[in-house]
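In full-length UniProt numbering, the protein residues as written are 1 to 483.
C-beta: ideal position from N, C-alpha, C; glycine also.
Down below is the structure, laid out as structure tokens.
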């Protein structure tokens, strides 16, 4: 048969047709298989979602907090921060540095609250009756209690308090009878510690955090420092997550979840702080918490925050705390604990950071604290630029004031460096970071175009006022022998 086409080309064309036909068949089969696989995957995903919802709605051991923090790193609120202090009666500084009172800040928060008010507290002694005294200076505390009772009749007021103190005064009974919800947290059972934190949240947008307890003496007879932040819902929502953890643990028989559900997690910490304007100045802010077992995912533990702030300093570290001990203060048998002490010595030696420590000395000071502080103060040598200095701050007292129990002391718990302001609620010994519930506000405004005095510069001014005052004495001058 003649076709005019060579045989080889006919075979080649035929082969190509067969190959094309097989390719088409494989393509259709592959497409069909892919479609089936996709349908199976969608069905499995839907089944998992439905089963997860069913389990979480019927078996979730921890309720979701009322606060739902957005997973964003910026905040558009026009936040306003104010440093506030309590200056004990009769304590007069030869300085122009003065801040609004904590008493007025608390009244402001009560006035700003229109729907909710949450308070985390160690104990409540706001009246003379509580302390078995007859002090006229108790009137500020009594006024705060009266106003809280009034708002408790109208608003949702929640109070988390350490269990050992929940029935120690009539204050909480009055507030409960006025409509407040009170839960005591048994931290002794949960962590072998106490609930030592001190903060307020009003209407989920205003907060207070600092050193004062809910005690009339914290307003007129004890030196205290804190910060109040107004119109800052982003920060208030994050602090609310810490409060919700206390509120959950205040239920009877609860245990600390491990891990905490994601609803308690935060996006804001020392690595990824919240970006927000404070007094018009762009700021990096986060909240730390202790002990680590109460820190949900993303939360920086308080000790890590302190070590980080010290380690980030370029020039100086100023510390003002009531107690400083490189020990587990309440541990039996005794245990040495040098995490902060080592960090201070390291930055002083390796990077020539100037360290100043202003520690309180009063009737309840533990004698063992003095040799530890003297050891730190001995790290002082001009040749090697070693510069750690320690001073003791003494609040003077008249004979009548000495009769007031647990008063006349500098109760501050803050640190300021050339970059960062740290305002906390804990004394500086190991127990407060390993077992005890505390919290802190950390603010960094370095590198921002400040619209006014920064939090760091204001806190530095407070420290330098106290350091240079007549109430501050170098530790080597304060004691000529053992205490």
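Proximity winner among the options, relative to residue i (alpha-carbon distances)
{"i": "residue 121", "options": "472, 361, 425, 442", "result": "425"}
{"i": "residue 101", "options": "85, 236, 337", "result": "85"}
{"i": "residue 244", "options": "98, 199, 399", "result": "199"}
{"i": "residue 191", "options": "345, 256, 344, 242", "result": "256"}
{"i": "residue 395", "options": "471, 218, 452, 149", "result": "471"}
{"i": "residue 467", "options": "74, 75, 93, 87", "result": "93"}
{"i": "residue 433", "options": "326, 229, 227, 246", "result": "326"}
{"i": "residue 400", "options": "388, 80, 89, 179", "result": "89"}
{"i": "residue 228", "options": "206, 214, 247", "result": "206"}
{"i": "residue 82", "options": "104, 75, 95, 74", "result": "104"}
{"i": "residue 317", "options": "281, 416, 368", "result": "416"}
{"i": "residue 383", "options": "349, 74, 153", "result": "349"}
{"i": "residue 240", "options": "214, 280, 303, 289", "result": "289"}
{"i": "residue 80", "options": "230, 216, 150, 118", "result": "230"}
{"i": "residue 419", "options": "305, 277, 446", "result": "446"}
{"i": "residue 119", "options": "277, 133, 203", "result": "203"}
{"i": "residue 74", "options": "233, 339, 171", "result": "233"}
{"i": "residue 273", "options": "258, 254, 305, 249", "result": "305"}
{"i": "residue 423", "options": "254, 458, 151", "result": "458"}
Span separating the alpha-carbon of residue i from that of residue j
{"i": "residue 404", "j": "residue 77", "result": "43 angstroms"}
{"i": "residue 131", "j": "residue 312", "result": "43 angstroms"}
{"i": "residue 478", "j": "residue 291", "result": "34 angstroms"}
{"i": "residue 465", "j": "residue 97", "result": "7 angstroms"}
{"i": "residue 135", "j": "residue 220", "result": "10 angstroms"}
{"i": "residue 474", "j": "residue 319", "result": "14 angstroms"}
{"i": "residue 264", "j": "residue 201", "result": "16 angstroms"}
{"i": "residue 127", "j": "residue 275", "result": "40 angstroms"}
{"i": "residue 407", "j": "residue 143", "result": "19 angstroms"}
{"i": "residue 377", "j": "residue 252", "result": "47 angstroms"}
{"i": "residue 236", "j": "residue 268", "result": "12 angstroms"}
{"i": "residue 525", "j": "residue 374", "result": "Within the shown structure, residues of the chain are numbered from 1 to 483, placing residue 525 beyond reach of any answer."}
{"i": "residue 242", "j": "residue 155", "result": "21 angstroms"}
{"i": "residue 484", "j": "residue 443", "result": "For the chain, the structure presents residues 1 to 483; residue 484 sits outside this window and is missing."}
{"i": "residue 393", "j": "residue 111", "result": "34 angstroms"}
Endpoints, the beta strand (DSSP E) within which residue i is located
{"i": "residue 116", "result": "116-121"}
{"i": "residue 282", "result": "281-290"}
{"i": "residue 86", "result": "80-86"}
{"i": "residue 444", "result": "438-444"}
{"i": "residue 96", "result": "From DSSP, residue 96 is part of no beta strand (DSSP E); its letter is neither H nor E."}
{"i": "residue 496", "result": "In this structure the chain extends from 1 to 483, so residue 496 is not present and cannot be described."}
{"i": "residue 417", "result": "413-417"}
{"i": "residue 274", "result": "274-278"}
For residue i, the three-state DSSP class (helix, strand or coil)
{"i": "residue 74", "result": "strand"}
{"i": "residue 1", "result": "Here residue 1 scores only 36 on pLDDT, less than 50, and its place in the model is too uncertain to base an answer on."}
{"i": "residue 355", "result": "strand"}
{"i": "residue 157", "result": "strand"}
{"i": "residue 206", "result": "strand"}
{"i": "residue 91", "result": "coil"}
{"i": "residue 183", "result": "strand"}
{"i": "residue 404", "result": "coil"}
{"i": "residue 106", "result": "helix"}
{"i": "residue 386", "result": "strand"}
{"i": "residue 297", "result": "coil"}
{"i": "residue 393", "result": "strand"}
{"i": "residue 263", "result": "helix"}
{"i": "residue 342", "result": "helix"}
{"i": "residue 349", "result": "helix"}
Cβ shell of residue i (< 7 angstroms), same chain only, five flanking positions each side left out
{"i": "residue 343", "result": "307, 310, 311"}
{"i": "residue 385", "result": "352"}
{"i": "residue 345", "result": "379"}
Cβ-based neighbour list, residue i, same chain, cut-off 6 angstroms, excluding 5 preceding and 5 following
{"i": "residue 194", "result": "162, 187, 436"}
{"i": "residue 328", "result": "335, 337, 430, 431"}
{"i": "residue 357", "result": "319, 390"}
{"i": "residue 125", "result": "131, 169, 215"}
Opening and closing residue of the alpha helix (DSSP H) in which residue i lies
{"i": "residue 322", "result": "Counting along the chain, residue 322 falls outside any alpha helix (DSSP H), and DSSP gives it neither H nor E."}
{"i": "residue 468", "result": "Element bounds for residue 468: n/a, residue is neither H nor E."}
{"i": "residue 430", "result": "430-434"}
{"i": "residue 148", "result": "139-152"}
{"i": "residue 134", "result": "First-last for residue 134: undefined, no H or E at that position."}
{"i": "residue 526", "result": "Here the chain has residues from 1 to 483 only, and residue 526 is not among them."}
{"i": "residue 246", "result": "233-249"}
{"i": "residue 220", "result": "217-220"}
{"i": "residue 227", "result": "Looking at the DSSP string, residue 227 is not in any alpha helix (DSSP H); the run it does join, the beta strand (DSSP E), is 224-230."}
{"i": "residue 196", "result": "That residue, residue 196, is in no alpha helix (DSSP H); it is neither H nor E in DSSP."}
{"i": "residue 177", "result": "171-177"}
{"i": "residue 477", "result": "475-478"}
{"i": "residue 374", "result": "369-377"}
Cβ neighbours of residue i in the same chain (closer than 8 angstroms, five flanking residues each side left out)
{"i": "residue 554", "result": "Outside the displayed span of the chain (1 to 483) sits residue 554, for which this structure offers no information."}
{"i": "residue 411", "result": "211, 212, 218, 222, 223, 224, 322, 360"}
{"i": "residue 331", "result": "430, 431"}
CB contact below 8 angstroms: residue i versus chain B
{"i": "residue 444", "result": "Among the protein chains of the structure shown there is no chain B, as only one such chain exists."}
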